[in-house]
Each structure stands twice: as structure tokens, then as C-alpha cells.
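In this note's numbering, the protein residues as written are 2 to 223.
Input: a single structure, listed below in C-alpha cells.
Right under this line is the structure:
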């Protein structure tokens, strides 16, 4: 009798589903045991029934050791894959940067008027337009800097003019600030000259050696 092919879908009948689960569970556990013995493989099998009952098989002394070995292997593989991905990404970035540098070098030579032999009319026209745009930006920046410098110079000129005006005012105030005289406390040069003229005294004082006096001798009386 030929056995028909089982349709892969959920068995609706609960009894049939439980019978099928028990048969196939035992067969799977048997296959796991045979694989570990015949091939000297480390096998761990974990099964939960529809009701949550646990069935397990381990060819080693503990299924926990097999699970820890599995987790460590997964972690190592993940790190290895990550390193490989990073390496591939770095290679791709390096290649892209090298291409960009090469294109920049070609553009630089063209801007300097070099390597134009293989350029088409369209490329030369694009190069000319780009140079004109660059020149326009450069001129605009230059004029902006010149205007800013001119504004600074004008401001400096205004400050110097104001400072000069202030110094001139201080100088004029210093020239015109004469202290007024009073009759009780101040004596001018004219007053001193008047006093000196009134105090002139005529004297017979002679400056020099005293004059020589001759004595007259009289005869003695008889």
C-alpha cells in the first residue's frame, strides 16, 4: 500500500494533532541521538508541546553547555561579520575618495589651462562658465572687503576730526582764561612801575674812591 503525501498544514482535530506530535517528537529525538552517535556531533534539541511541556535532548553532559557554546559562536560570527562589513565599507569609502581626488586633480589642471586637448566643446564651455561664475564671486567678495575697509577708514577719520576739534577747543579756552585782577589782592606790573617812580630819591652818593682833601697849614701864633 502506497502511503500518501502529508499536507503541510495545521491538523484541526485535537486528538489526531496530539498523536502526530507524540510520534514525530519521538522520531526527532531518535534521529538526534543517531546523529550524535554516528557522526560524533554535539547535538542539542529543545521541544515545547502545544501545552507548554518541555522535551529536550543533549549529546553532551548538559544542554546548557551546548547552548552557551551556540551563543558564543553566534557572538563571534557576529563580530566577524561586523569586522568584514566595516572592512568592506572602508574599502568602498577609500575607493570613492580616491576617485574624487582624481576628478579634483583633473578639474584643477583644466582650470589652470592644462590637459585641455581631450576636452570637447561642451566641456570647454562648461569650464568657461564655471570660471566666469567663480570670477564674479571673487570680485564681489573683493569689493565687499574694500567697502568694509573704506567704512573703517571713514570712521577713523571722523573720530580723529572730533578729537582734533576737542583739543582745539581746550587750547582756545586755555588762551582766553586770564585771571581778573582785584584792588585788594593783586598788583600788576604797571602798579609796580608807578610805585618805583614815586619812591625815587636824589642822593649825593658817589660810587668810587673818596675824593682827596688838602689840609691848609696856618703859621703858629707869636
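Note that beta-carbon positions come from the ideal geometry of N, C-alpha and C, so glycine has one too.
These figures come from a predicted structure and were not determined experimentally.
Practice problem: Under 8 Å by Cβ, that's how I've got residue 43 and residue 67 pegged, so tell me the actual separation to the nearest angstrom. | Solution: 6 Å
Quiz item: Mapping DSSP to helix, strand and coil, what is residue 20?
Solution: Helix, per DSSP.
Quiz item: Is residue 47 near residue 35, with beta carbons less than 8 Å apart?
Solution: no
Practice problem: Compute the Euclidean distance between the alpha carbons of residue 172 and residue 147, then round it to the nearest angstrom. | Solution: In this model, residue 172 and residue 147 are separated by some 37 Å (Cα to Cα).
Quiz item: Is DSSP giving residue 105 helix, strand or coil here?
Solution: helix
Quiz item: Taking the alpha carbon of residue 112 as the point to measure from, which residue in 98, 135 and 25 has its own alpha carbon closest?
Solution: Among 98, 135 and 25, the Cα nearest to that of residue 112 is on 135.
Quiz item: What did DSSP end up calling residue 47 once you bin it into helix, strand or coil?
Solution: strand
Exercise. In the DSSP assignment, find the alpha helix (DSSP H) that holds residue 154 and state where it starts and stops.
Key: 122-177
Exercise. Decide if residue 163 is buried, meaning its Cβ has at least 16 other Cβ atoms within 10 Å, or exposed.
Key: exposed
Quiz prompt | Where residue 45 falls, given that 16 or more other Cβ within 10 Å makes a residue buried | solution = Classification of residue 45: buried, given that the 10 Å Cβ count is 16 or more.
Quiz item: From residue 94 to residue 160, what distance separates their C-alpha atoms?
Solution: 57 Å
Exercise. Report all residues from its chain with a CB closer than 6 Å to the CB of residue 11; omit the five preceding and five following residues, and keep chain order.
Key: none
Practice problem: Ignore the nearest five residues each way along the sequence and tell me which others in residue 120's own chain have a CB closer than 8 Å to its CB. | Solution: Correct list, in chain order: 111 and 128.
Quiz item: For residue 116 versus residue 107, is the C-beta distance shorter than 8 Å?
Solution: yes
Quiz item: Does DSSP put residue 55 in a helix, in a strand, or in coil?
Solution: strand
Quiz item: Just the Cα atoms here: how many angstroms apart are residue 150 and residue 85?
Solution: Distance between the alpha carbons of residue 150 and residue 85: 57 Å.
Practice problem: Reducing DSSP to helix, strand and coil, say where residue 1 ends up. | Solution: Beyond the ends of the chain as shown, which are 2 and 223, falls residue 1; an answer cannot be given.
Quiz item: Where does residue 71 land, buried or exposed, given buried means 16+ other C-beta within 10 angstroms?
Solution: By the neighbour-count rule (16 or more Cβ atoms within 10 Å), residue 71 is not buried but exposed.
Quiz item: Got a sec: does the ligand HEM put a non-hydrogen atom nearer than 7 Å to the Cβ of residue 106?
Solution: The model on display carries no ligand, and the ligand HEM is accordingly not part of it.
Quiz item: Is residue 93 helix, strand or coil by DSSP?
Solution: helix
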